Amino acid sequence: MKFRSIVLAAVLGVCATPAFAAPVATVNGQPIDNSQVQAIMSMSPELAKEPNAREQVVQNLVNMEVLSQYAVAHKLDQSADVKERLAIAKRQILADAAVDQYVKEHPIPESEIQTAYGNFIKAMGNKEYEVRHILVKTKAEADKIMADLRKGQKFPALAEKYSIDKASAAHGGELGWIVPGMVVPPFAQAVESAPIDKPVGPVQTQFGYHVIEVQATRAMTPPPLSAMKDRLKLQLQQQEAAKFVSDLRNQAKIDITK
(Lines of atoms letter the chains of each structure in order from A and count residues from 1; the text may use other names and numbers.)
(Lines give C-alpha, C1' and ligand atoms only; values in the text may rest on other atoms or scores of the structure.)
Protein backbone atom coordinates (compact mmCIF):
# COMPACT_ATOMS: atom_id res chain seq x y z
CA MET A 1 0.00 0.00 0.00
CA LYS A 2 2.79 2.42 0.85
CA PHE A 3 4.59 1.68 -2.40
CA ARG A 4 1.35 2.07 -4.38
CA SER A 5 0.83 5.50 -2.79
CA ILE A 6 4.35 6.55 -3.72
CA VAL A 7 3.83 5.39 -7.29
CA LEU A 8 0.49 7.18 -7.55
CA ALA A 9 1.96 10.42 -6.27
CA ALA A 10 4.88 10.22 -8.65
CA VAL A 11 2.82 9.31 -11.72
CA LEU A 12 0.23 12.03 -11.12
CA GLY A 13 2.64 14.67 -9.87
CA VAL A 14 5.76 14.32 -12.04
CA CYS A 15 6.41 16.61 -14.96
CA ALA A 16 8.66 14.85 -17.47
CA THR A 17 11.78 16.75 -18.45
CA PRO A 18 13.90 16.09 -21.54
CA ALA A 19 16.71 14.68 -19.37
CA PHE A 20 14.52 11.89 -18.04
CA ALA A 21 11.83 11.51 -20.73
CA ALA A 22 13.28 8.41 -22.38
CA PRO A 23 10.88 5.45 -22.09
CA VAL A 24 11.98 2.56 -19.89
CA ALA A 25 9.10 0.36 -21.08
CA THR A 26 6.02 0.42 -23.26
CA VAL A 27 2.71 -1.30 -22.59
CA ASN A 28 0.51 -1.73 -25.66
CA GLY A 29 2.32 1.22 -27.19
CA GLN A 30 1.96 3.43 -24.11
CA PRO A 31 5.40 4.58 -22.86
CA ILE A 32 6.49 4.57 -19.23
CA ASP A 33 9.07 7.34 -18.91
CA ASN A 34 12.27 7.27 -16.94
CA SER A 35 11.05 10.46 -15.24
CA GLN A 36 8.45 8.44 -13.37
CA VAL A 37 11.04 5.94 -12.20
CA GLN A 38 13.32 8.74 -11.03
CA ALA A 39 10.47 10.45 -9.21
CA ILE A 40 9.55 7.31 -7.30
CA MET A 41 13.17 6.55 -6.41
CA SER A 42 13.69 10.09 -5.08
CA MET A 43 10.46 9.98 -3.05
CA SER A 44 11.38 6.74 -1.31
CA PRO A 45 15.01 6.65 -0.06
CA GLU A 46 14.31 3.35 1.73
CA LEU A 47 13.15 1.76 -1.50
CA ALA A 48 16.20 3.08 -3.37
CA LYS A 49 18.47 1.14 -0.99
CA GLU A 50 16.88 -2.21 -1.83
CA PRO A 51 18.62 -4.60 -4.26
CA ASN A 52 17.30 -4.21 -7.81
CA ALA A 53 15.22 -1.23 -6.70
CA ARG A 54 15.06 0.31 -10.16
CA GLU A 55 13.89 -2.94 -11.73
CA GLN A 56 11.27 -3.28 -9.01
CA VAL A 57 9.96 0.22 -9.72
CA VAL A 58 9.80 -0.43 -13.47
CA GLN A 59 7.94 -3.70 -12.97
CA ASN A 60 5.45 -2.05 -10.63
CA LEU A 61 4.85 0.75 -13.10
CA VAL A 62 4.24 -1.84 -15.83
CA ASN A 63 1.74 -3.58 -13.55
CA MET A 64 0.01 -0.29 -12.88
CA GLU A 65 -0.15 0.57 -16.58
CA VAL A 66 -1.61 -2.85 -17.44
CA LEU A 67 -4.26 -2.42 -14.76
CA SER A 68 -4.86 1.21 -15.73
CA GLN A 69 -5.48 0.27 -19.34
CA TYR A 70 -7.85 -2.48 -18.22
CA ALA A 71 -9.72 0.00 -16.02
CA VAL A 72 -10.13 2.49 -18.88
CA ALA A 73 -11.21 -0.25 -21.31
CA HIS A 74 -13.91 -1.27 -18.84
CA LYS A 75 -14.90 2.36 -18.20
CA LEU A 76 -13.90 2.20 -14.56
CA ASP A 77 -12.51 5.72 -14.94
CA GLN A 78 -16.12 6.87 -15.39
CA SER A 79 -17.10 5.49 -11.99
CA ALA A 80 -18.12 8.17 -9.50
CA ASP A 81 -16.03 6.47 -6.83
CA VAL A 82 -12.90 6.40 -8.99
CA LYS A 83 -13.38 10.01 -10.08
CA GLU A 84 -13.66 11.05 -6.44
CA ARG A 85 -10.53 9.15 -5.46
CA LEU A 86 -8.57 10.68 -8.34
CA ALA A 87 -9.76 14.13 -7.33
CA ILE A 88 -8.61 13.54 -3.74
CA ALA A 89 -5.24 12.24 -4.94
CA LYS A 90 -4.78 15.29 -7.19
CA ARG A 91 -5.70 17.64 -4.34
CA GLN A 92 -3.19 15.97 -2.03
CA ILE A 93 -0.40 16.07 -4.60
CA LEU A 94 -1.01 19.76 -5.35
CA ALA A 95 -1.09 20.52 -1.61
CA ASP A 96 2.21 18.71 -1.13
CA ALA A 97 3.70 20.58 -4.09
CA ALA A 98 2.61 23.92 -2.61
CA VAL A 99 4.25 23.14 0.73
CA ASP A 100 7.42 21.82 -0.94
CA GLN A 101 7.73 24.99 -3.02
CA TYR A 102 7.14 27.23 -0.01
CA VAL A 103 9.77 25.43 2.06
CA LYS A 104 12.24 25.58 -0.83
CA GLU A 105 11.67 29.32 -1.31
CA HIS A 106 11.91 30.06 2.42
CA PRO A 107 15.11 28.39 3.66
CA ILE A 108 15.67 28.33 7.39
CA PRO A 109 18.34 30.89 8.37
CA GLU A 110 21.37 29.53 10.19
CA SER A 111 20.62 31.93 13.04
CA GLU A 112 17.23 30.29 13.65
CA ILE A 113 18.83 26.86 13.80
CA GLN A 114 21.36 28.19 16.32
CA THR A 115 18.53 29.68 18.42
CA ALA A 116 16.55 26.43 18.28
CA TYR A 117 19.65 24.53 19.37
CA GLY A 118 20.16 26.90 22.30
CA ASN A 119 16.55 26.44 23.37
CA PHE A 120 16.93 22.68 23.08
CA ILE A 121 20.05 22.65 25.25
CA LYS A 122 18.36 24.87 27.82
CA ALA A 123 15.32 22.58 27.95
CA MET A 124 17.51 19.49 28.33
CA GLY A 125 19.49 20.86 31.25
CA ASN A 126 22.82 19.39 32.29
CA LYS A 127 21.70 16.40 34.31
CA GLU A 128 19.87 13.16 33.63
CA TYR A 129 18.01 10.92 36.06
CA GLU A 130 17.60 7.19 36.45
CA VAL A 131 13.91 6.82 37.21
CA ARG A 132 11.25 4.24 37.85
CA HIS A 133 7.54 4.85 38.23
CA ILE A 134 4.17 3.27 38.85
CA LEU A 135 1.30 4.69 36.81
CA VAL A 136 -2.32 4.22 37.90
CA LYS A 137 -5.64 5.77 36.93
CA THR A 138 -6.72 7.33 40.23
CA LYS A 139 -5.21 9.32 43.07
CA ALA A 140 -6.63 6.83 45.56
CA GLU A 141 -4.66 4.02 43.94
CA ALA A 142 -1.48 6.10 43.99
CA ASP A 143 -2.03 7.01 47.66
CA LYS A 144 -2.38 3.32 48.51
CA ILE A 145 0.85 2.48 46.68
CA MET A 146 2.69 5.25 48.56
CA ALA A 147 1.35 3.79 51.83
CA ASP A 148 2.46 0.28 50.81
CA LEU A 149 5.96 1.59 50.05
CA ARG A 150 6.15 3.26 53.45
CA LYS A 151 5.25 -0.10 54.99
CA GLY A 152 8.27 -1.66 53.29
CA GLN A 153 6.77 -3.24 50.19
CA LYS A 154 9.10 -3.35 47.19
CA PHE A 155 8.76 -0.89 44.36
CA PRO A 156 9.32 -3.43 41.52
CA ALA A 157 6.66 -5.80 42.87
CA LEU A 158 4.10 -3.00 43.20
CA ALA A 159 4.93 -1.76 39.69
CA GLU A 160 4.43 -5.19 38.20
CA LYS A 161 1.15 -5.60 40.06
CA TYR A 162 -0.48 -2.19 39.64
CA SER A 163 1.13 -0.07 36.93
CA ILE A 164 -0.91 0.48 33.77
CA ASP A 165 2.33 1.37 31.94
CA LYS A 166 2.87 -2.24 30.95
CA ALA A 167 6.17 -1.64 29.14
CA SER A 168 7.89 -0.37 32.29
CA ALA A 169 5.83 -2.54 34.67
CA ALA A 170 7.41 -5.64 33.13
CA HIS A 171 10.76 -4.29 34.35
CA GLY A 172 9.71 -3.21 37.82
CA GLY A 173 8.71 0.26 36.67
CA GLU A 174 12.14 1.08 35.25
CA LEU A 175 12.24 3.96 32.75
CA GLY A 176 16.02 4.08 32.54
CA TRP A 177 17.86 7.38 32.21
CA ILE A 178 15.65 10.33 31.29
CA VAL A 179 16.11 14.04 30.67
CA PRO A 180 13.51 16.25 32.39
CA GLY A 181 13.14 18.48 29.35
CA MET A 182 11.97 15.52 27.30
CA VAL A 183 9.02 14.53 29.53
CA VAL A 184 5.79 16.30 30.51
CA PRO A 185 6.31 19.20 32.97
CA PRO A 186 4.66 17.77 36.13
CA PHE A 187 6.70 14.57 35.80
CA ALA A 188 9.89 16.55 35.10
CA GLN A 189 9.38 18.83 38.11
CA ALA A 190 8.84 15.85 40.39
CA VAL A 191 11.96 14.13 39.11
CA GLU A 192 14.13 17.22 39.55
CA SER A 193 12.99 17.78 43.13
CA ALA A 194 12.83 14.16 44.33
CA PRO A 195 15.45 12.85 46.78
CA ILE A 196 17.40 9.78 45.75
CA ASP A 197 15.75 6.43 46.53
CA LYS A 198 12.71 8.02 48.15
CA PRO A 199 9.38 7.62 46.30
CA VAL A 200 7.29 10.76 45.67
CA GLY A 201 3.69 11.10 44.60
CA PRO A 202 1.02 11.09 43.58
CA VAL A 203 2.11 13.17 40.58
CA GLN A 204 -0.72 13.87 38.16
CA THR A 205 -0.17 14.11 34.39
CA GLN A 206 -2.48 13.62 31.43
CA PHE A 207 -1.63 9.92 31.60
CA GLY A 208 -2.86 9.38 35.15
CA TYR A 209 -1.21 9.40 38.59
CA HIS A 210 2.46 8.50 39.05
CA VAL A 211 4.48 7.29 41.97
CA ILE A 212 8.07 8.19 41.08
CA GLU A 213 11.44 7.15 42.45
CA VAL A 214 14.75 8.64 41.34
CA GLN A 215 17.48 6.05 41.75
CA ALA A 216 20.51 8.05 40.60
CA THR A 217 21.61 11.18 38.77
CA ARG A 218 24.58 11.99 36.57
CA ALA A 219 25.96 14.89 34.58
CA MET A 220 24.99 14.95 30.95
CA THR A 221 26.89 16.26 27.96
CA PRO A 222 24.43 17.60 25.38
CA PRO A 223 24.78 16.50 21.75
CA PRO A 224 26.71 18.91 19.52
CA LEU A 225 24.90 21.13 17.03
CA SER A 226 26.25 19.02 14.17
CA ALA A 227 24.33 16.01 15.49
CA MET A 228 21.12 17.99 15.92
CA LYS A 229 21.18 20.32 12.92
CA ASP A 230 19.18 18.21 10.45
CA ARG A 231 16.53 17.38 13.04
CA LEU A 232 16.18 20.99 14.17
CA LYS A 233 16.03 22.22 10.58
CA LEU A 234 13.24 19.74 9.80
CA GLN A 235 11.27 20.83 12.88
CA LEU A 236 11.60 24.49 11.87
CA GLN A 237 10.53 23.67 8.31
CA GLN A 238 7.47 21.86 9.66
CA GLN A 239 6.61 24.87 11.79
CA GLU A 240 7.00 27.19 8.79
CA ALA A 241 4.84 24.89 6.67
CA ALA A 242 2.14 24.83 9.37
CA LYS A 243 2.18 28.64 9.52
CA PHE A 244 1.97 28.79 5.72
CA VAL A 245 -1.16 26.61 5.77
CA SER A 246 -2.64 28.63 8.64
CA ASP A 247 -2.04 31.92 6.81
CA LEU A 248 -3.70 30.57 3.65
CA ARG A 249 -6.70 29.39 5.65
CA ASN A 250 -7.01 32.81 7.28
CA GLN A 251 -7.00 34.45 3.85
CA ALA A 252 -9.55 32.06 2.39
CA LYS A 253 -13.35 32.19 2.63
CA ILE A 254 -14.17 28.85 4.21
CA ASP A 255 -17.68 27.58 4.84
CA ILE A 256 -17.95 24.19 6.55
CA THR A 257 -21.40 22.63 6.58
CA LYS A 258 -22.07 20.61 9.71
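Each residue of the sequence shown is one higher than the one before, starting from 36 at the first, in this note's numbering. Each residue gets a CB set at the ideal place from its N, CA and C atoms; glycine is no exception. As the structure is a prediction and not an experimental result, all values here were calculated from the model.
Flag this pair as yes or no: are the beta carbons of residue i and residue j separated by less than 8 Å?
| i | j | result |
| --- | --- | --- |
| residue 62 | residue 92 | no |
| residue 276 | residue 137 | yes |
| residue 212 | residue 145 | no |
| residue 60 | residue 67 | yes |
| residue 182 | residue 195 | no |
| residue 219 | residue 240 | yes |
| residue 99 | residue 89 | no |
| residue 197 | residue 231 | no |
According to DSSP, simplified to helix, strand and coil, what is residue i?
| i | result |
| --- | --- |
| residue 289 | coil |
| residue 169 | strand |
| residue 220 | helix |
| residue 73 | helix |
| residue 153 | helix |
| residue 58 | strand |
| residue 191 | helix |
| residue 180 | helix |
| residue 200 | coil |
| residue 162 | strand |
| residue 254 | strand |
| residue 241 | coil |
| residue 232 | coil |
Between residue i and the rest of its own chain, which residues show a CB-CB distance below 6 Å, the 5 nearest in sequence each way excluded?
| i | result |
| --- | --- |
| residue 177 | 171, 236, 237, 244 and 246 |
| residue 223 | 215 |
| residue 135 | none |
Is it right to say residue i is buried, meaning 16 or more other beta carbons lie within 10 angstroms of its own, or is it exposed?
| i | result |
| --- | --- |
| residue 175 | exposed |
| residue 242 | exposed |
| residue 71 | buried |
| residue 281 | exposed |
| residue 57 | exposed |
| residue 83 | exposed |
| residue 234 | buried |
| residue 167 | buried |
| residue 227 | exposed |
| residue 269 | exposed |
Between which residues of its own chain and residue i is the CB-CB distance below 8 Å, once the five residues before and five after are set aside?
| i | result |
| --- | --- |
| residue 255 | 159, 160, 161, 162, 163 and 214 |
| residue 149 | 260 |
| residue 263 | 152 and 155 |
| residue 225 | 235, 236, 238, 245 and 247 |
What residue from the options has the CA that sits closest to residue i's CA?
| i | options | result |
| --- | --- | --- |
| residue 147 | 278, 220, 293 and 272 | 272 |
| residue 267 | 182, 291, 143 and 210 | 143 |
| residue 69 | 199, 94 and 132 | 94 |
Going by the C-beta, is residue i closer than 7 Å to any heavy atom of the ligand COA?
| i | result |
| --- | --- |
| residue 138 | The ligand COA is absent from the structure shown, which contains no ligand whatsoever. |
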